[in-house]
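Here is the structure we will look at, set down as structure tokens.
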Amino acid sequence: MKTATAADEMLMRRAITLAQNGLYTTRPNPRVGCVIAKDQQVLSEGYHQRAGEGHAEVNALRQLKNSADAKGATAYVTLEPCCHTGKTPPCTDALIKSGIARLVYGMQDPNPLVAGKGLQTLRDAGIEIIGPVLETECRALNPGFIKRMQTGLPFVRCKLAMSLDGRTAMASGESQWITGEAAREDVQTLRAQSCAIITGIETILRDDPALTVRSEKLPASAKEKQPLRVVLDRQQRFPQHAKILRQPGETLVIQHSTDLRAVLKELADRQCNEVLIEAGSTLAGAFVKAGLMDELIIYMAPTLLGSEAKPLLLLSLEKMDQQIRWKFTDVRAVGSDWRFTATPRHDD
Numbered sequence: 002m003k004t005a006t007a008a009d010e011m012l013m014r015r016a017i018t019l020a021q022n023g024l025y026t027t028r029p030n031p032r033v034g035c036v037i038a039k040d041q042q043v044l045s046e047g048y049h050q051r052a053g054e055g056h057a058e059v060n061a062l063r064q065l066k067n068s069a070d071a072k073g074a075t076a077y078v079t080l081e082p083c084c085h086t087g088k089t090p091p092c093t094d095a096l097i098k099s100g101i102a103r104l105v106y107g108m109q110d111p112n113p114l115v116a117g118k119g120l121q122t123l124r125d126a127g128i129e130i131i132g133p134v135l136e137t138e139c140r141a142l143n144p145g146f147i148k149r150m151q152t153g154l155p156f157v158r159c160k161l162a163m164s165l166d167g168r169t170a171m172a173s174g175e176s177q178w179i180t181g182e183a184a185r186e187d188v189q190t191l192r193a194q195s196c197a198i199i200t201g202i203e204t205i206l207r208d209d210p211a212l213t214v215r216s217e218k219l220p221a222s223a224k225e226k227q228p229l230r231v232v233l234d235r236q237q238r239f240p241q242h243a244k245i246l247r248q249p250g251e252t253l254v255i256q257h258s259t260d261l262r263a264v265l266k267e268l269a270d271r272q273c274n275e276v277l278i279e280a281g282s283t284l285a286g287a288f289v290k291a292g293l294m295d296e297l298i299i300y301m302a303p304t305l306l307g308s309e310a311k312p313l314l315l316l317s318l319e320k321m322d323q324q325i326r327w328k329f330t331d332v333r334a335v336g337s338d339w340r341f342t343a344t345p346r347h348d349d
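Numbers given in this note's numbering equal positions in the sequence shown, counted from 1, plus 1.
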């Protein structure tokens, strides 16, 4: 089996960059980029922009100055080409018809309708297949799509803001604002890439948030489709005058005893890939305790709220051997604050 060259990796990195252009707009589909090249010279590029529209491969083929140029070329695609008819025809058919001689792919499609079948279709047509190439980077493009296809649940991340002493709100519940404007602007990007935002009734009653993507610094495309707003309200206290009801987009209020896994399953059934939790310490802690949290993003502000203030997460742990270990995957400054990104450790 032939292995990828340095040039192959370079062009795959370009395909990954292209895929990132669809960060806010492809849901529920995956973000995919494609480069078509010959003799290491780029002939055309494309990426998937919106569900229901052309996939990355088709968009790249359409950008060719002359369709005959694809004959004998190599296509670099971050995700295995689809081989089934959905809202658009199979990309494998378009690639075969184009006359490409070689396909370099980033990762196999986790969708059971594809899952290796697309690659085999291309092999059967005489196209050389090389990959996976830069698989880790390609997987990072679509954590929610991958998890939904493999487990039937969305990827769940939680946004929290805390002080230097690990507090998120005063004892009264007052919490606006702990972090600075740059951190709050950064949260807008998290919302924009999410299919749904989950919050609790206490947050609604206390803060009356809008939970919308509204940043003027984001492209207009990021605000075309607002995330589904989900409110967990066990005691049926949701106020009909709540601000979120007057915002663009849809709001789902779940007014019964809440099974968190069932909530996530419902969202996955609605084709939600990435879910953002914006809630207080009780609900956020419940997701962690249930083992349903995939990522924590914590903004830490250089301030102190004191020992009477509320903790980051409400977790009733009493012994050291009960601690829940996580690992940092990213640490960066955001304005005057710091942003910590962490994922669960599964090696203990």
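C-beta: ideal position from N, C-alpha, C; glycine also.
- Selection K39, M171, Y25, C35 evaluated against T304 yields M171 as nearest (Cα-Cα).
- In this chain, the alpha helix (DSSP H) harbouring R185 covers 182 to 193.
- Of the candidates G47, Q324, P113, the residue whose Cα lies closest to the Cα of M13 is G47.
- Contact annotation: V115 and C84 have beta-carbon atoms nearer than 8 Å.
- The stretch 212 to 220 makes contact with the stretch 238 to 256, as at least three CB pairs between them are under 8 Å.
- In summary, R346 is exposed, with fewer than 16 beta-carbon neighbours lying within 10 Å of its beta-carbon over all protein chains present.
- Taking C-beta separations shorter than 7 Å and ignoring five residues to either side along the sequence, the partners of E186 in its chain run S216, K218, following chain order.
- A Cβ-Cβ separation of about 7 Å places R238 in contact with L206 under the 8 Å criterion.
- Here DSSP, grouped into helix, strand and coil, assigns Q42 to strand.
- Beta-bridge analysis with DSSP links Y25 to no other residue.
- Segment contact: the stretch 333 to 340 against the stretch 180 to 195, three or more CB-CB distances shorter than 8 Å; contact assigned.
- Scanning its chain for C-beta atoms nearer than 8 Å, with the 5 sequence neighbours on each side dropped, one finds around P113 the residues M150, in chain order.
- Cβ contact annotation for L306 (same chain, cutoff 7 Å, sequence separation greater than five): S164, D166, R168, M171, in chain order.
- Look at E275 here: in three-state DSSP terms it is strand.
- When the alpha-carbon of P220 is set against those of I17, G23, A5, A16, the nearest one is in G23.
- T342 and M301 have their C-alpha atoms spaced approximately 11 Å apart.
- Residue environment analysis places R63 among the exposed positions, since fewer than 16 neighbouring C-beta atoms fall within 10 angstroms of its C-beta.
- Using a Cβ distance threshold of 8 Å, K160 and E279 count as a contacting pair.
- Annotation: the continuous alpha helix (DSSP H) that includes C139 extends over 136 to 140.
- In the structure shown, E10 falls within a helical segment according to DSSP collapsed to helix, strand and coil.
- For a cut-off of 8 Å, the C-beta gap from A223 to A193 is around 4 Å, short enough to register as a contact.
- Taking each of D40, N30, Q41 in turn and checking the Cα distance to A57, the smallest one comes out for N30.
- CA-CA distance, I131 to K118, rounds to 15 Å.
- Buried is the label assigned to F146, since at least 16 other Cβ atoms lie within 10 Å of its Cβ.
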